[in-house]
Amino acid sequence: MAWKSGGPSRTSTAAWRAVRRLARKVLPYECARCGIDGRDVPLELDHVVPVSEGGADDIGNAQWLCPSCHTPKTQAEAKRGRERRKRSGRRPPRVHPSDVLLGP
Numbered sequence: 007m008a009w010k011s012g013g014p015s016r017t018s019t020a021a022w023r024a025v026r027r028l029a030r031k032v033l034p035y036e037c038a039r040c041g042i043d044g045r046d047v048p049l050e051l052d053h054v055v056p057v058s059e060g061g062a063d064d065i066g067n068a069q070w071l072c073p074s075c076h077t078p079k080t081q082a083e084a085k086r087g088r089e090r091r092k093r094s095g096r097r098p099p100r101v102h103p104s105d106v107l108l109g110p
């Protein structure tokens with residue numbers, strides 16, 4: 007999955023690909039949340055703690071999730087990130103070009 011900016015996914019790094027190979031060997035292939043077997047639905051490898059919140063690209067921070075469990079978890083993490091950016095003021099508010107020309 008590509009980011010909205012069109013760049014490569016965070017999970018396409020060499021470190022995460024290595025974790026994925028290891029996870030196939032050592033982690034039970036079932037959803038860590040609902041327990042569904044990976045033979046019934048394709049599972050997705052997930053960071054337990056997102057990298058943006060201090061998690062690492064290692065097997066200790068990896069779990070298999072089914073799409074039904076992974077999607078809401080990812081959406082909640084994205085929402086926390088948006089709220090964090092809003093509070094920190096890291097991104098300046100967007101200014102419409104006409105506001106610049108006409109002034110406040």
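Heads up: the sequence shown runs through residues 7 to 110, numbered per the working numbering. The beta carbon of each residue, even a glycine, is placed where N, CA and C say it ideally should be. Keep in mind it's a predicted model, so treat the numbers as computed, not measured.
Beta-carbon contacts of residue i that lie in its chain and below 6 Å, excluding the five residues immediately before and after
{"i": "Pro78", "result": "none"}
Anticipated Cβ contact below 8 Å, residue i with residue j, distance rounded
{"i": "Asp64", "j": "Val32", "result": "In fact, because the Cβ distance is near 12 Å, the residues do not count as touching under 8 Å."}
{"i": "Trp70", "j": "Cys40", "result": "About 11 Å separates the two Cβ atoms, so there is no contact after all."}
Contacting residues, own chain, Cβ-Cβ under 7 Å from residue i (five flanking each side not counted)
{"i": "Trp22", "result": "Asp63"}
{"i": "Arg93", "result": "none"}
{"i": "Thr19", "result": "Asp63"}
Limits of the alpha helix (DSSP H) - the one that residue i falls within
{"i": "Leu28", "result": "20 to 32"}
{"i": "His76", "result": "73 to 94"}
Neighbourhood of residue i by C-beta, 8 Å cutoff - its chain only, sequence neighbours within 5 removed
{"i": "His76", "result": "Glu50, Asp52"}
Per DSSP, the bridge partner or partners of residue i
{"i": "Ala68", "result": "His53"}
{"i": "Glu36", "result": "Asp43"}
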